[in-house]
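Working notes for the structure below.
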Amino acid sequence: MIESDAFVQAMQNMGVNFFTGVPDSLLGGIIAELMDRRLYTPAVREDEAVAMAAGAYMGGKIPAVLMQNSGLGTSLNTLISLNLIYHQPCILIVSWRGQGGKDAPEHLVMGEVMPQLLDTMKIPHRTLTEHSAIEDLKWVAETFMKQRIPVALFITKGVVKGLHP
Amino acid sequence: MRPEQGTLISRAQAMAALLELLTDQPVIICNGFPSREAQKLADRPTHFYMIGSMGSAPAIALGVALAKPQKQVIAFDGDGNVLMGMGTLATVAALKPKNFIHVVFDNEVYGTTGNQPTISNVVPLEKVAKAAGYMNVERVLDLDDLVYEFKDMLKKDGPSMLLIKVNEFAEDAGRVVLDPPDITKRFMKAIE
Numbered sequence: 000m001i002e003s004d005a006f007v008q009a010m011q012n013m014g015v016n017f018f019t020g021v022p023d024s025l026l027g028g029i030i031a032e033l034m035d036r037r038l039y040t041p042a043v044r045e046d047e048a049v050a051m052a053a054g055a056y057m058g059g060k061i062p063a064v065l066m067q068n069s070g071l072g073t074s075l076n077t078l079i080s081l082n083l084i085y086h087q088p089c090i091l092i093v094s095w096r097g098q099g100g101k102d103a104p105e106h107l108v109m110g111e112v113m114p115q116l117l118d119t120m121k122i123p124h125r126t127l128t129e130h131s132a133i134e135d136l137k138w139v140a141e142t143f144m145k146q147r148i149p150v151a152l153f154i155t156k157g158v159v160k161g162l163h164p
Numbered sequence: 000m001r002p003e004q005g006t007l008i009s010r011a012q013a014m015a016a017l018l019e020l021l022t023d024q025p026v027i028i029c030n031g032f033p034s035r036e037a038q039k040l041a042d043r044p045t046h047f048y049m050i051g052s053m054g055s056a057p058a059i060a061l062g063v064a065l066a067k068p069q070k071q072v073i074a075f076d077g078d079g080n081v082l083m084g085m086g087t088l089a090t091v092a093a094l095k096p097k098n099f100i101h102v103v104f105d106n107e108v109y110g111t112t113g114n115q116p117t118i119s120n121v122v123p124l125e126k127v128a129k130a131a132g133y134m135n136v137e138r139v140l141d142l143d144d145l146v147y148e149f150k151d152m153l154k155k156d157g158p159s160m161l162l163i164k165v166n167e168f169a170e171d172a173g174r175v176v177l178d179p180p181d182i183t184k185r186f187m188k189a190i191e
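So, in structure tokens, the structure goes:
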């Protein structure tokens, strides 16, 4: 399991210096670490977080947005009609609730369709694993720089240490 | 029938007066007629014209304001837009960026789609902002008050909201001409 502080440090080492989002339990450890480091700007909705990140990007920051995958539904229009058409990149750190059909009912549909949803939107994505973490983050950084669009990193249960290990 | 109808200034008149008081401040302008009118009145590289993502102008402006604390950042917004992204009033109020001015042109209609009514005739948006915790909030009906209050807000620590009651008139202004990626590039260079 990846430690939350190691994950946050790796993001900072990549140059990410603006973090916003809406919490999920799988992201609890990461957000606690970001708050400890005074790096986290909380948003009230995921589409607001995406728009705030776009503003921060234009102001010279490298932004990341944390959200539960349900937030992708909320953010759909902003990702399409702001980020994709204006070429404004951000790193989406998305918890994969409902993966493999094992979760509360409200997560099951999005958990099943999420990769195809992002494929349809032409947003590149990858799932973080412990053994490929360095490669995964390198891919995120390269995609962000080259394509200038949002790039998603999925966080599955048990990969990054949460609040309740 | 709105009580002020027939006596109000147009959004373009209000916007022209505001733009005269601005120089190189970043201005995020909401989608629909406001961006088109701003482009027609004074096209500046510090303008970020939105053509989609309705409701997001103040969130984008907030991101710019947090990234550029030394610059005063302005959002030009509409009543339909504020209602759509109302949560952002809370986010702004909680974060209290001193360099944030939220201008709302309130014509009580969705003008770009054919003047369907919003609900800002019964929900005073500046009071919502005030209750959330904006530092300075003013509601104005005419040009003299608008100029006086906006000048005052430019001198004060924010976050501030200037709500301007305007009529439904929309300028004959063409669509935003720049390609969206060029708007991003031009804006980023201008506010560097």
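Going down the list, the protein sequences come from chains A and B. Here the first sequence stands for residues 0 to 164, numbered as in numbering that gives the first Met the number 0. Here the second sequence stands for residues 0 to 191, numbered as in numbering that gives the first Met the number 0. Built from N, CA and C at the ideal position, the CB exists for glycine as well.
Start-to-end residues for the beta strand (DSSP E) that takes in residue i
i	result
B/Lys192	Outside the displayed range of chain B (0 to 191) lies residue 192 of chain B, so it cannot be described from this structure.
A/His124	His124 to Thr126
A/Ile154	Val150 to Ile154
A/Ile30	No beta strand (DSSP E) holds A/Ile30; the alpha helix (DSSP H) holding it covers Gly27 to Asp35.
A/Glu47	Counting along the chain, A/Glu47 falls outside any beta strand (DSSP E), though it belongs to the alpha helix (DSSP H) covering Glu45 to Met57.
B/Val26	Val26 to Ile28
B/Phe47	His46 to Tyr48
Cβ-based neighbour list, residue i, same chain, cut-off 6 Å, excluding 5 preceding and 5 following
i	result
A/Pro123	Thr142 and Val150
B/Ile73	Gln24, Val26 and Ile100
A/Met0	Lys160
B/Arg10	Phe104 and Val165
A/Phe18	Leu33, Leu38, Tyr39 and Ala63
B/Ser34	Ile28, Tyr48, Met49 and Val175
B/Ala58	Thr87
Exposed unless 16 or more other CB atoms sit within 10 angstroms - verdict on residue i
i	result
A/Met34	exposed
B/Gln115	exposed
A/Gln115	exposed
A/Leu65	buried
B/Asp42	exposed
A/His130	exposed
B/Gln69	exposed
A/Glu47	buried
A/Glu105	exposed
B/Glu191	exposed
B/Asp78	buried
A/Met51	buried
A/Ala5	exposed
B/Val175	buried
B/Thr183	buried
B/Gln12	buried
B/Met0	Residue placement at B/Met0 cannot be trusted, given a pLDDT of 39 that sits under 50; what the coordinates show is reported in the next sentence. Label assigned to B/Met0: exposed.
B/Pro2	For B/Pro2, the predicted model reports a pLDDT of 46, less than 50, meaning its position is unreliable; a value from the coordinates is still stated below. The residue in question, B/Pro2, is exposed, as its Cβ has fewer than 16 Cβ neighbours within 10 Å.
Contact test: residue i Cβ vs the ligand PLP heavy atom, cutoff 8 Å
i	result
A/Ile84	For the ligand PLP, the structure offers nothing, since it holds no ligand at all.
Residue(s) in a DSSP beta bridge with residue i
i	result
A/Asn68	Per DSSP, none; premise fails for A/Asn68.
B/Asn135	B/Ser159
A/Gly20	A/Pro41 and A/Leu65
B/Asp76	B/Val103
A/Val159	A/Ile1
B/Pro96	Beta-bridge pairing links B/Pro96 to no other residue.
B/Gln115	B/Tyr109
Within chain E, the residues that residue i reaches when beta carbons sit closer than 7 Å
i	result
A/Lys60	Protein chains A and B are contained in the structure displayed, whereas chain E is not.
Own chain, CB closer than 7 Å to residue i, minus 5 neighbours either side, in chain order
i	result
A/Tyr56	Pro62, Gln87, Pro88 and Cys89
A/Ser94	Asp23, Leu25, Leu26, Gln67, Asn68 and Ile154
B/Ala189	Pro44 and Thr45
A/Leu136	Ala9 and Met13
B/Ala16	Leu142, Leu145 and Val146
B/Glu170	Ala11, Glu36 and Lys39
Boundaries (first-last residue) of the alpha helix (DSSP H) holding residue i
i	result
A/Leu91	Premise fails: A/Leu91 lies in the beta strand (DSSP E), Ile90 to Ser94, not in any alpha helix (DSSP H).
A/His106	Pro104 to Met120
B/Phe149	Leu142 to Lys154
A/Ser3	Ser3 to Asn12
B/Gly62	Ala56 to Ala66
B/Ala169	First-last for B/Ala169: undefined, no H or E at that position.
A/Ile79	Taken as a continuous stretch (DSSP letters only), A/Ile79 belongs to no alpha helix (DSSP H), as it is neither H nor E.
B/Asp181	Pro179 to Ala189
B/Leu40	Phe32 to Leu40
A/Val139	Ala132 to Gln146
A/Leu83	Per DSSP, A/Leu83 belongs to no alpha helix (DSSP H) and is neither H nor E.
Own chain partners of residue i with C-beta closer than 8 Å, once the 5 adjacent residues on each side are dropped
i	result
A/Glu111	Gly97 and Gly100
B/Lys155	Met134 and Asn135
A/Val139	Met13, Ile90, Arg125, Val150 and Leu152
Exercise for review: Select from the segment 34-49 of chain A all residues with a C-beta closer than 9 Å to any C-beta belonging to chain B, and list them in chain order.
Suggested key: Contact residues of the segment 34-49 of chain A toward chain B are Thr40, Pro41, Ala42, Val43, Arg44, Asp46, Glu47, Ala48 and Val49 (C-beta to C-beta distance below 9 Å).
Point to revise | Contact residues within the segment 66-97 of chain A, judged by C-beta distance below 8 Å to chain B | key: So the list reads Asn76, Thr77, Ile79, Ser80, Leu81, Ile84, Tyr85, His86 and Gln87, given in the order they occur along the chain.
**Study point:** Near-chain A residues of the segment 56-73 of chain B (beta-carbon distance less than 9 Å), N- to C-terminal order
**Key:** The segment 56-73 of chain B vs chain A, Cβ under 9 Å: Ala56, Pro57, Ala58, Ile59, Ala60, Leu61, Gly62, Val63, Ala64, Leu65, Ala66, Lys67, Lys70 and Val72.
Check your understanding: Listed in chain order, which residues of the segment 178-189 of chain B have Cβ atoms closer than 7 Å to some Cβ of chain A?
Key -> Taking 7 Å as the Cβ-Cβ cut-off against chain A, the residues of the segment 178-189 of chain B that qualify are Pro179, Pro180, Ile182, Thr183, Phe186 and Met187.
**Study point:** Near-chain A residues of the segment 87-104 of chain B (beta-carbon distance less than 9 Å), N- to C-terminal order
**Key:** Correct list: Thr87, Ala89, Thr90, Ala93 and Leu94.
Point to revise | Residues in the segment 151-164 of chain B having any Cβ partner in chain A nearer than 8 Å | key: Residues of the segment 151-164 of chain B that bring their beta carbon within less than 8 Å of a beta carbon in chain A are absent altogether.
Point to revise | Within 7 Å of chain B by C-beta, residues of the segment 134-149 of chain A in sequence order | key: Across the segment 134-149 of chain A, no CB contact with chain B closer than 7 Å is found for any residue.
Exercise for review: Using a Cβ-Cβ cut-off of less than 9 Å, list which residues of the segment 21-52 of chain B approach chain A; keep chain order.
Suggested key: Answer in chain order: Pro25, Ile27, Asn30, Phe47, Met49, Ile50, Gly51 and Ser52.
Practice item. Could you name the residues of the segment 76-87 of chain B whose beta carbon sits closer than 9 Å to any beta carbon of chain A, in the order they occur along the chain? Key: Residues passing the 9 Å Cβ filter: Gly84, Gly86 and Thr87.
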